[in-house]
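S.K.: Can you keep this structure in mind? I'll have questions shortly.
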Amino acid sequence: MTPKPEDMDYVCFTSVRFRGKSYEEIILQLKSALEEEYKSKGATSVSPKIFLQKSLPDAIIIENILVAEKSLPQTHPRLYVDPLCGVAVLRGSDIFAGGVIGIEPGASKDCPVSVYACLEKFNAGFTKAYTGATRFLGNGLLVMERKQLLGDIHSNSGVAVRMTQPLVVCPSFQSCLFQSGNLVAQNLPSLVCARVLDAQPGQTVLDMCCAPGGKCLHLADLMQLQGTLIAIDKSAKRLNTVAEQAVKLGIDTENFLRIHCFDACRLCDDNGTDAGEPDSKPPYRPKQFDRVLLDAPCSALGQRPRLLTSSDSSSQLSKTASQLSSYAQIQNRLFREAIKLVKPGGFLVYSTCTTRPEENERQVSLALQMNWPNLKLVEQTPNLRPFGINQPDGSVGLVQKFDPEVPYDASDVTNACNYDTIGFFVAKFVVFD
1 MTPKPEDMDY VCFTSVRFRG KSYEEIILQL KSALEEEYKS KGATSVSPKI FLQKSLPDAI
61 IIENILVAEK SLPQTHPRLY VDPLCGVAVL RGSDIFAGGV IGIEPGASKD CPVSVYACLE
121 KFNAGFTKAY TGATRFLGNG LLVMERKQLL GDIHSNSGVA VRMTQPLVVC PSFQSCLFQS
181 GNLVAQNLPS LVCARVLDAQ PGQTVLDMCC APGGKCLHLA DLMQLQGTLI AIDKSAKRLN
241 TVAEQAVKLG IDTENFLRIH CFDACRLCDD NGTDAGEPDS KPPYRPKQFD RVLLDAPCSA
301 LGQRPRLLTS SDSSSQLSKT ASQLSSYAQI QNRLFREAIK LVKPGGFLVY STCTTRPEEN
361 ERQVSLALQM NWPNLKLVEQ TPNLRPFGIN QPDGSVGLVQ KFDPEVPYDA SDVTNACNYD
421 TIGFFVAKFV VFD
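Residue 287 in UniProt numbering is what sits at position 287 of the sequence shown, and the numbering runs on without skipping anything.
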């Protein structure tokens, strides 16, 4: 693999979940489509490696390709994007108008532009030249009239630049294969997390913080649309996206998947009894669910790719100490609610997309101390990145911690894909009466 630039932490692999078709059929379609797509984006000398992840029967891994920067011309008029848009480009996206914050004179529709992400503070607009640190992301074709970009920035929408020579070549999720519902883009640790919960057909399962919906819809497939899957989130807007994705994938949102806008910190009705059938809507009585997934709100410091400044910080990482401490507080509240909702003998999975011990190992230790012996860590299947945590009885429970900072052998891509991921944490508990 090509060494990574110091100011850009990109991910070497894209993971996708396939559904509805056989692996062999999907691979044939995917190889043909990706070879054509990669060549159209300048990766003409290398075919992407595509393979089945060894421990996940529905996961395909695709190698992303870093193009030699010196091979890409940087002589076109410059177009500047914000850091979030820059990160999206590193994930294979074209550039939408809302992400554009500046453009040099001389650029017009259907002309090539050199795309740069702004890494420091900026004011959106086109009246002053940006002089801060940038990261070159590749070249593209401006497909929007310049006067549209020069108008009201906040009202612009649609694709502004189609990336024709991206620095990082990876699958575009706008392709027909992804639009068909046969392939679902999902980070590898998230695919692991849903399988660790071990939700079975016919069970009653709760996803406490379900948006944006990837794990929830994976659980639906694993349950074969049999039983009841409750999806909770406090954001109505994000829940609408979950519902739209469910309909697109052919998932029953009336009888099987039930989506509710509710504050998960108040999800358990402590005054209710634990007898009878599960409630139709929140709040829920204690001990109603066979499986509970708590993919908790977190600092998201494990998210990748990232664009870094010389001081090893980025707009994605500029969180204050008070902001960071607030995540642990809400995670603790959600943990307490989750434990009360699990049936005796049922499983609870806690996960985050951060590597901070305060939001991961510390939360697990606190939960065990407060609820022992009615709560115990159990082994996970699959377990790609085992990490030990001591339980109150002195035994060591295995959690999973995906930390991209851990060194690994990059020569074996079938193993490297388990390491070069987003930062993520998974703990699985069994709850006793």
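From the three backbone atoms N, C-alpha and C, an ideal C-beta is built for every residue, glycine too.
#1: When DSSP labels each residue in this structure, what does Cys111 get in the three-state scheme?
#2: Nearest CA to the CA of Leu90: which residue from Phe387, Asp252, Ser172?
#3: So, for Cys265: in the same chain, excluding its five sequence neighbours on each side, which residues have a beta-carbon less than 8 angstroms away from its beta-carbon?
#4: Tell me the rounded alpha-carbon separation between Leu239 and His260.
#5: Alpha carbon to alpha carbon, how far is Thr44 from Leu308? Give it in angstroms, no decimals.
#6: Between which two residues does the beta strand (DSSP E) holding Ser299 run?
#7: Evaluate the contact criterion for the stretch 104–114 versus the stretch 43–59: three or more CB pairs, one atom per stretch, below 8 angstroms.
#8: Mind listing, in chain order, the continuous beta strand (DSSP E) runs of no fewer than 3 residues lying wholly within the stretch 354–382?
#9: On the DSSP bridge assignment, give the partners of residue 434 in chain order.
#10: Would you tell me roughly how many angstroms separate the C-alpha atoms of Ala220 and Asp420, rounded to the nearest one?
#11: For Ala246 and Leu217, which I take to be in contact (beta-carbon distance under 8 angstroms), what is that distance rounded to the nearest angstrom?
#12: In chain order, what residues of the same chain lie with their CB nearer than 6 angstroms to the CB of Ala427, ignoring the 5 residues before and after it?
#13: State the Cα-Cα distance for the pair Gly98 and Asn139, rounded to the nearest angstrom.
#14: Would you mind stating whether Asn418 and Leu384 have Cβ atoms separated by less than 8 angstroms?
#15: Please state if the CB of Ala117 and the CB of Thr131 are separated by a distance shorter than 8 angstroms.
#16: Do the stretch 10–21 and the stretch 56–76 make contact, defined as three or more Cβ pairs closer than 8 angstroms?
#17: Return the chain-ordered list of same chain residues with a C-beta closer than 6 angstroms to the C-beta of Arg258, the five sequence neighbours on each side being excluded.
#18: Compute the Euclidean distance between the alpha carbons of Val406 and Thr355, then round it to the nearest angstrom.
#19: Tell me where the beta strand (DSSP E) around Phe425 begins and ends.
#20: Can you determine whether any heavy atom of the ligand GDP sits closer than 7 angstroms to the C-beta of Arg333, and answer yes or no?
#21: How is Ile101 classed by DSSP in three states: helix, strand or coil?
#22: By DSSP, does Ile50 sit in helix, in strand, or in coil?
#23: For Leu119, which of Ala129, Gly106, Val81, Gly345 has the nearest alpha-carbon?
#24: Any idea what DSSP makes of Pro189, helix, strand or coil?
#25: Can you tell me whether Glu63 is helix, strand or coil according to DSSP?
#26: Over what stretch of residues does the alpha helix (DSSP H) that includes Gln29 continue unbroken?
#27: Alpha carbons only, please: which of Lys237, Gly250, Gly213 is nearest the one belonging to Gln224?
#28: At what residues does the beta strand (DSSP E) containing Val396 begin and finish?
#29: Looking at the strands, I want to know which residues DSSP matches up with Tyr284.
#30: Can you give the Cα-Cα distance for Pro357 and Gln303, rounded to whole angstroms?
#31: How would you write the range of the alpha helix (DSSP H) that Asp221 sits in, first residue to last?
#32: With Arg17 as the anchor, note down where its beta strand (DSSP E) starts and where it stops.
#33: Is the beta carbon of Phe122 sitting closer than 8 angstroms to the one on Gln74?
#34: Can Met208 and Leu301 be called in contact, C-beta distance under 8 angstroms?
#35: Just confirm the distance between the C-beta atoms of Val168 and Asn64, as a whole number of angstroms; I'd bet it's less than 8 angstroms.
M.R.: Inspection of the coordinates gives the following:
#1: In the structure shown, Cys111 sits in coil (DSSP, three-state: anything other than H, G, I, E or B).
#2: Distance from the Cα of Leu90 is smallest, within the candidate group Phe387, Asp252, Ser172, for Ser172.
#3: If we look at Cys265 and ignore the five residues flanking it on each side, its Cβ neighbours are Ile330, Arg333, Leu334, Glu337.
#4: Leu239 and His260 have their C-alpha atoms some 8 angstroms from each other.
#5: Rounded to whole angstroms, Leu308 to Thr44 spans 28 angstroms at the Cα level.
#6: DSSP places Ser299 in no beta strand (DSSP E); its state is neither H nor E.
#7: Result no; under three Cβ-Cβ pairs closer than 8 angstroms.
#8: Counting only runs of 3 or more, we get 375–377.
#9: Residue 434 is absent from the structure shown; the chain starts at 1 and stops at 433.
#10: C-alpha of Ala220 to C-alpha of Asp420: approximately 27 angstroms in a straight line.
#11: The Cβ separation is near 6 angstroms, so the contact holds.
#12: Around Ala427: Tyr350, Val364, Val399.
#13: Taking the straight line joining both Cα atoms gives about 18 angstroms.
#14: Remark: C-beta atoms of Asn418 and Leu384 approach each other more closely than 8 angstroms.
#15: Their beta carbons are not under 8 angstroms apart, which means Thr131 does not touch Ala117 by this criterion.
#16: Yes: at least three Cβ pairs fall under 8 angstroms.
#17: The residues are Ile230.
#18: Whole-angstrom Cα-Cα distance: 11 angstroms.
#19: For Phe425, the enclosing beta strand (DSSP E) stretches over residues 424–431.
#20: The model depicted lacks the ligand GDP and carries no ligand whatsoever.
#21: In this structure, Ile101 counts as strand in the three-state DSSP scheme.
#22: Ile50 falls in the strand class under three-state DSSP.
#23: Cα-wise, what sits closest to Leu119 is Val81.
#24: Here Pro189 sits in helix by DSSP.
#25: DSSP places Glu63 in the strand class (E or B) of the three-state scheme.
#26: Counting along the chain, the alpha helix (DSSP H) containing Gln29 begins and ends at 23–40.
#27: Of the residues Lys237, Gly250, Gly213, the one whose Cα lies closest to the Cα of Gln224 is Gly250.
#28: Run containing Val396: 396–402, per the beta strand (DSSP E) assignment.
#29: Partner(s): Cys268.
#30: If you take the alpha carbons of Pro357 and Gln303, they lie about 15 angstroms apart.
#31: Element bounds for Asp221: 214–222.
#32: Here the beta strand (DSSP E) through Arg17 covers 13–18.
#33: It is not a contact, given that the beta carbons lie outside the stated cut-off.
#34: No, Cβ-Cβ distance for Met208 and Leu301 is not below 8 angstroms.
#35: About 6 angstroms separates the CB atoms of Val168 and Asn64; that is less than 8 angstroms, so the two are in contact.
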